[in-house]
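First up is the structure itself, then whatever we jot down about it.
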Amino acid sequence: MALFMTLLVRDEEDILEANLSYHLAQGVDHVIVTDNLSVDRSPDIIQPYVDQGVATYIRETDDTYSQSRWVSRMAAMAHEAGADWVIHCDADEFWMAPETSLKKWFARQWWHNIISANRHDFICLEDDGSPFWQRMVYRKSSSTNPLGLPLPPKVAHRANSGLTVAQGNHAVSGFLWPRIQMSNLEILHFPLRSREQYIHKIENGGRAYTNNTELDHSVGNTWRKQYTELQETGTLTFLENNIVSVEALQSQLADGAALVDKRLATFLEGRG
Numbered sequence: 003m004a005l006f007m008t009l010l011v012r013d014e015e016d017i018l019e020a021n022l023s024y025h026l027a028q029g030v031d032h033v034i035v036t037d038n039l040s041v042d043r044s045p046d047i048i049q050p051y052v053d054q055g056v057a058t059y060i061r062e063t064d065d066t067y068s069q070s071r072w073v074s075r076m077a078a079m080a081h082e083a084g085a086d087w088v089i090h091c092d093a094d095e096f097w098m099a100p101e102t103s104l105k106k107w108f109a110r111q112w113w114h115n116i117i118s119a120n121r122h123d124f125i126c127l128e129d130d131g132s133p134f135w136q137r138m139v140y141r142k143s144s145s146t147n148p149l150g151l152p153l154p155p156k157v158a159h160r161a162n163s164g165l166t167v168a169q170g171n172h173a174v175s176g177f178l179w180p181r182i183q184m185s186n187l188e189i190l191h192f193p194l195r196s197r198e199q200y201i202h203k204i205e206n207g208g209r210a211y212t213n214n215t216e217l218d219h220s221v222g223n224t225w226r227k228q229y230t231e232l233q234e235t236g237t238l239t240f241l242e243n244n245i246v247s248v249e250a251l252q253s254q255l256a257d258g259a260a261l262v263d264k265r266l267a268t269f270l271e272g273r274g
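In structure tokens:
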């Protein structure tokens, strides 16, 4: 069973190495990476994996965040390369199977052709210079997007030709008989890791959506609204509400709004 993963990145040097090493250790056989205009160390982080033969690198120069088109292209490449299953991942997402590796979990699936997995948002403490996974070991008990809406799940699917992955990786179309499983897989989600990182993300993403004349304005609504707020005010309410002090964290833990979750930290620490 060949397990492939697609990854769309832009300036993710603080998390990319952890993402690649984690998923490959979990049994992913090959990662197809589309790098959209990174100006940080992201290409340098990817290159050793390309040299080892476990990654394919695509440089995408359109500043339009055409995620559906780019990810669908990677899904087609995975199928042509012999994949059985394809996980669609962002750099801030870590797929996790209960009590086994991703490879073994997907190898057991025989009926469904689309797998849906829920995400858990992790809480950002003020950046002290340590790796994100060392300080971000607390997650929200209920995860919502920056607009306060329920956080939608992400998908993986059996490799096939002619598939279209929706913008956001929330759905896939093209199967004659789609058989969807709302699985017990989990996605550990680290979208906010520092004030500077998140502002840079919204600047890039919001500008790219503005450049995209093909997508309806309802697509990418969260980034679009935050980009407008950032342009108009120079700050983001989301940051003020979600970068948490130690005192606020203790209060959230006490009332059940936050939970301790050291699974990723334990895994990465164990790998040295």
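In our numbering, each number is its position in the sequence shown, counted from 1, plus 2. Where a beta carbon is used, it is the ideal one built from N, C-alpha and C, also for glycine. What you are looking at is a predicted structure, and each value in this text was computed from that prediction instead of being measured.
9 Å Cβ cutoff, residue i in contact with chain B
i	result
Leu22	The displayed structure is made up of one protein chain only, and chain B is not part of it.
Cβ neighbours of residue i in the same chain (closer than 6 Å, five flanking residues each side left out)
i	result
Ser196	Asp129
Phe108	Leu5, Trp87
Pro155	Ser118, Ala119, Asn120
Glu95	Ile189, His191
Residue i (DSSP reduced to helix, strand or coil)
i	result
Thr8	strand
Gln28	coil
Thr215	coil
Ala168	coil
Ser360	Because residue 360 is not part of the residues shown, which for the chain are 3 to 274, the question remains open.
Ala260	strand
Asn243	helix
Asn206	helix
Val248	helix
Glu15	coil
Rounded separation between residue i and residue j - CA only
i	j	result
Ala77	Asn120	21 Å
Thr215	Leu241	29 Å
Gln183	Gly236	42 Å
Asn21	Ala93	6 Å
Val221	His172	12 Å
Arg181	Ile189	21 Å
Thr268	Arg226	36 Å
Ala80	His25	16 Å
Glu15	Gln199	10 Å
Asp46	Glu19	10 Å
Leu232	Leu238	6 Å
Phe124	Asn213	30 Å
Same chain, Cβ closer than 7 Å to residue i, neighbours up to 5 away in sequence not counted
i	result
Lys264	Val139
* Taking only runs that begin and end inside the region 54 to 129, name each unbroken alpha helix (DSSP H) of 4 or more residues, in chain order. => Secondary structure within the region 54 to 129: the alpha helix (DSSP H) runs of 4 or more consecutive residues, fully enclosed, are 69 to 82, 104 to 109 (chain order).
* Meets three-Cβ-pair contact criterion under 8 Å: the region 108 to 118 and the region 202 to 210 -> Counting Cβ pairs under 8 Å, fewer than three are found: no touch.
* Quick check: the region 68 to 76 against the region 33 to 49, are there 3 or more CB pairs under 8 Å? -> Verdict: yes, contact present.
* **the region 51 to 58 in contact with the region 122 to 137 per 3-pair CB rule at 8 Å** => As far as the Cβ criterion goes, the region 51 to 58 does not touch the region 122 to 137, which means the pair count is below three.
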